[in-house]
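Okay, so here's the structure we're looking at.
Residue numbers (the numbering used here): 7 to 213.
Have a look at this one:
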């Protein structure tokens, strides 16, 4: 028998969290289905880690523009400290605070991979293979986000290129980077890694 909710939100990223929160505030019983981390790309593989890695280089660059302050700079950026701060900002991939917010907002979290099996019905398979059926009285909202696209370039997949998740969570500074795409994460990480010590960074953008 299916567990009933007014609204089922498939995807616990920023959009899914916002939708679920508004529904719950409006008095609707709400469930969020998430197979990875509540908070999604922004919290763990995009906005937060990229801004965290940008900040040390930005701060140093600003100091070096100011006479009287730049003379006090005697060393380079501390890469280990910058990476440790990044890891702290993403809570070492622990979503307990986002989960606590869901609980405090009376939103039920259902962990697993969701698929729509019939109108307003979602089947959720957990990592262990258990399947739970959810039924929405009013609506199912799809807020699953997207994944990085690999351009159709001969041989590119064979060399196993990094995607946005790899570049924002790297454990050491890459010596050289060729960044395909000029979106927000691409530009931010190109700048961040260059300032953190990458010897050569190139961005390719078709538009």
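C-beta: ideal position from N, C-alpha, C; glycine also.
When you compare only the Cα positions, how much space is there between residue 70 and residue 178?
Locating residue 70 in the chain shown gives position 64, counting from the first residue. Locating residue 178 in the chain shown gives position 172, counting from the first residue. Distance between the alpha carbons of residue 70 and residue 178: 25 Å.
Helix, strand or coil for residue 174 per DSSP?
Counting from 1 along the chain shown, the entry for residue 174 is found at position 168. Note: residue 174 maps to helix in three-state DSSP.
Looking at the structure shown, is residue 44 part of a helix, part of a strand, or coil, going by DSSP?
One-based indexing of the chain shown puts residue 44 at position 38. Residue 44 falls in the coil class under three-state DSSP.
By the DSSP assignment, the alpha helix (DSSP H) with residue 16 in it spans what residues?
Numbered from its first residue, the chain shown carries residue 16 at position 10. Counting along the chain, residue 16 falls outside any alpha helix (DSSP H), though it belongs to the beta strand (DSSP E) covering 9-16.
How many Å lie between residue 100 and residue 93 at the Cα?
In the chain shown, the residue the question calls residue 100 occupies position 94. In the chain shown, the residue the question calls residue 93 occupies position 87. Rounded to the nearest angstrom, the two C-alpha atoms are 10 Å apart.
What do you get for residue 190, buried or exposed, if any count of 16 or more other CB atoms within 10 angstroms of its CB means buried?
Within the chain shown, the letter at position 184 stands for residue 190. Classification for residue 190: exposed.
Report the option in 65, 211, 97, 108 whose CA atom is closest to the CA atom of residue 40.
Reading the chain shown from its first residue, position 34 is the one you call residue 40. Looking at the Cα atoms, 108 is the closest of the given residues.
Using the Cβ count rule (16 or more neighbours within 10 Å means buried), how would you classify residue 153?
Here residue 153 is taken as the residue at index 147 of the chain shown, counted from 1. Residue 153 comes out exposed.
Could you pull the start and end residues of the beta strand (DSSP E) that residue 108 belongs to?
Taking the first residue of the chain shown as 1, we reach residue 108 at position 102. Note, residue 108: premise wrong, no beta strand (DSSP E); alpha helix (DSSP H) at 102-110.
How long is the line joining the alpha carbons of residue 208 and residue 183, rounded to whole angstroms?
As a position in the chain shown, residue 208 is number 202, starting the count at 1. As a position in the chain shown, residue 183 is number 177, starting the count at 1. Approximately 6 Å, taken between the alpha carbons.
Quick check: what's the CA-CA separation for residue 38 versus residue 23?
Position 32 of the chain shown, counted from the first residue, corresponds to residue 38. Position 17 of the chain shown, counted from the first residue, corresponds to residue 23. Using only the alpha carbons, I get a separation of about 8 Å.
DSSP on residue 212, reduced to helix/strand/coil?
Counting from one through the chain shown, the residue named residue 212 turns up at place 206. If DSSP states are grouped into helix, strand and coil, residue 212 belongs with coil.
To which residues of the same chain is residue 123 closer than 8 Å at the C-beta, ignoring the five residues directly before and after it?
Position 117 of the chain shown, counting from 1, holds the residue named residue 123. If we look at residue 123 and ignore the five residues flanking it on each side, its Cβ neighbours are 129, 139.
Can you find at least 3 beta carbon pairs, one from the region 57-64 and one from the region 187-202, that sit closer than 8 Å?
The answer is yes - the region 187-202 touches the region 57-64, with three or more Cβ pairs under 8 Å.
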